[in-house]
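Chemist: Counting the sequence shown from 1 gives a position; my numbering is that position plus 22.
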Amino acid sequence: MGLIARYQERLPFAPGDPVVSLEEGSTPLVLAERVSERAGTEVWLKLEGANPTGSFKDRGMTCAVSAAVREGAEAVICASTGNTAASAAAYAARAGLTGAVIVPEGKIATGKLAQALMHGAKVIALRGNFDQALKLVRELAERHPIALVNSVNPFRLEGQKTAAFEVLDALGELDALCIPVGNAGNVTAYWKGFREMDSRPRLFGFQAEGSAPLVHGAPVEHPETIASAIRIGNPARWEEAMEAFTGSHGGVAAVSDAQILDAYRFLAANEGVFCEPASAASVAGLLAHGARDAERVVCVLTGHGLKDPQTALSQAGAVVPCEPDIAAVERAVLA
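What follows is the structure, encoded as structure tokens:
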């Protein structure tokens, strides 16, 4: 069952409204025993990479594209570092709409680019960064009858807040939630969902050191990080995110690329969870900064590791060549 059908009474959709769904949501919440040992507290992983296009973006996209269809749109557009592009392209294809995405040239992970292209979206590589792309698509949507499906679209947050519902449905209570922060729509959505359920866990957001405008209190003109999904220098939901951190008595901090990659490798090798680098920022942040006195913590892993195969291959061990005979195989396997 997709999100709109499952949580219709908590979403701005009425019976009979068009619904564009790929049966998103209901993602696993996994107890991370080895991360728990390292962190000194009970840690759960919300595996948003299990959504249909491999990231949490599908939660908001089912709502944004369904609303666009309801309003008579014929096309959707977004700016993206990759995951929004993949999701928007998939849901546009599902709805029979034209999809267009603008991505920073040379700054999108291979898996995400492949998804957007395969789903038939028009992909424009902008000679600029994400913040410039978002400014341009907002202007384009004002000039033409095209639905903008970035997280500035309120329907995106409506869909994404359902992850908070799922966490509470599974655990009942939690003390803190750790989450990567890029454009800051997701942390805003979680806070909205928790409040609607009368729950107030502390929210801890983590940005990459080279892309940490919320930490520094000023936009970053040229954001840089290995974690491409959070390579954003001027988050669209800046004020709402800071309200979420303040209102929950949480906070926002930065982690280095080295810390992100350490958590990325640790999750894959010790928990069997392969996430994209940006996702690992939540675990990296917990390990580096802690969650104060929280006894039960949920770390949101926003996207699947196959989104960025190049980084994975650069961080993994080498393939072992072997001749096709048993002695050679024994040496290779047992060495």
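Ideal Cβ positions, reconstructed from N, Cα and C, are used throughout, including at glycine.
Which residues in the same chain as Ala-306 place their Cβ atom closer than 6 Å to its Cβ, once the five residues preceding and following it in sequence are excluded?
Modeler: So the qualifying residues of the chain are Val-277, Gln-281, Ile-282 and Ala-285.
Chemist: Going by DSSP, which residues form a beta bridge with Asp-315?
Modeler: Note: Asp-315 sits in a beta bridge opposite Ala-313.
Chemist: Where does His-326 land, buried or exposed, given buried means 16+ other C-beta within 10 angstroms?
Modeler: His-326 should be labelled buried.
Chemist: When DSSP labels each residue in this structure, what does Ala-90 get in the three-state scheme?
Modeler: Helix, per DSSP.
Chemist: Would you call the stretch 88-102 and the stretch 335-354 touching, i.e. three or more CB-CB distances under 8 Å?
Modeler: Flag = no, the stretch 88-102 and the stretch 335-354 do not touch.
Chemist: Whose C-beta lies closer than 7 Å to the C-beta of Pro-40 among residues of the same chain, with five residues either side of it excluded?
Modeler: If we look at Pro-40 and ignore the five residues flanking it on each side, its Cβ neighbours are Ser-88, Val-91 and Arg-92.
Chemist: Among Ala-354, Ser-233 and Pro-299, which residue has its Cα nearest to the Cα of Leu-323?
Modeler: It is Pro-299.
Chemist: Of the residues Met-140, Leu-139, Pro-126 and Ala-136, which one's Cα is nearest the Cα of Leu-158?
Modeler: Measuring from the Cα of Leu-158, the nearest candidate turns out to be Pro-126.
Chemist: Give a yes or no on contact between the stretch 68-83 and the stretch 44-59, applying the rule of three or more CB pairs nearer than 8 Å.
Modeler: The stretch 68-83 vs the stretch 44-59: in contact.
Chemist: Is it a yes or a no for the stretch 239-255 touching the stretch 103-116, going by three-plus beta-carbon pairs under 8 Å?
Modeler: Yes, since at least three Cβ pairs between the stretch 239-255 and the stretch 103-116 fall closer than 8 Å, the two stretches touch.
Chemist: List the residues that DSSP assigns as beta-bridge partners of Arg-213.
Modeler: According to the sequence as given, residue 213 is Trp; it is not Arg. Note: Trp-213 sits in no beta bridge, so no partner.
Chemist: Taking all protein chains shown into account, decide if Arg-81 is buried (16 or more other Cβ within 10 angstroms of its Cβ) or exposed.
Modeler: With 16 or more other Cβ atoms within 10 Å, it is buried.
Chemist: Take Ala-115 and list the residues in its own chain whose beta-carbon comes closer than 6 Å to its own, dropping the five residues that flank it on each side.
Modeler: If we look at Ala-115 and ignore the five residues flanking it on each side, its Cβ neighbours are His-141 and Gly-142.
Chemist: Quick check on Gly-325: does DSSP put it in helix, strand or coil?
Modeler: Residue state, collapsed to three classes: strand.
Chemist: Under 8 Å: do the stretch 205-214 and the stretch 171-184 share three or more Cβ pairs, one atom per stretch?
Modeler: Segments in contact, yes.
Chemist: If you count every other CB in all the chains shown that lies within 10 Å of the CB of Glu-70, and 16 or more means buried, which is it?
Modeler: Burial call: buried.
Chemist: Could you tell me which of Pro-34, Pro-50 and Gly-121 sits nearest to Val-295, measuring between CA atoms?
Modeler: For Val-295, the nearest C-alpha among the options comes from Pro-50.
Chemist: When you measure from the CB of Val-65 to every non-hydrogen atom of the ligand FMN, does any distance come out below 7 Å?
Modeler: No copy of the ligand FMN appears in this structure; indeed no ligand is present at all.
Chemist: Of all the beta strand (DSSP E) runs that stay within the bounds of the stretch 213-288, which reach a length of 3 or more residues?
Modeler: Complete beta strand (DSSP E) runs here, min 3: 224-230 and 273-277.
Chemist: Of the residues Met-219, Pro-223, Asp-191 and Val-237, which one's Cα is nearest the Cα of Val-203?
Modeler: If we check each option's Cα against that of Val-203, Val-237 comes out closest.
Chemist: Answer with buried or exposed for Ala-357, where buried requires no fewer than 16 other C-beta atoms within 10 angstroms of its C-beta.
Modeler: So Ala-357 ends up on the exposed side.
Chemist: When DSSP builds the beta bridges, which residues end up paired with Gly-121?
Modeler: Answer by DSSP bridge pairing, in chain order: Val-98.
Chemist: Taking the C-alpha atoms as reference points, what is the distance between Ala-275 and Ala-354?
Modeler: Roughly 44 Å between the two C-alpha positions.
Chemist: From what residue to what residue does the beta strand (DSSP E) around Pro-202 run?
Modeler: Run containing Pro-202: 198-202, per the beta strand (DSSP E) assignment.
Chemist: Taking Cβ positions, are Met-219 and Ala-186 nearer each other than 8 Å?
Modeler: Yes, the pair counts as a contact, with Cβ atoms nearer than the cut-off.
Chemist: Which word fits Ala-122, buried or exposed, when buried means at least 16 other C-beta atoms lie within 10 angstroms of its C-beta?
Modeler: With 16 or more Cβ atoms within 10 Å of its Cβ, Ala-122 is classed as buried.
Chemist: May I have the straight-line CA-CA distance separating Ser-250 from Ile-348, to the nearest angstrom?
Modeler: Distance between the alpha carbons of Ser-250 and Ile-348: 43 Å.
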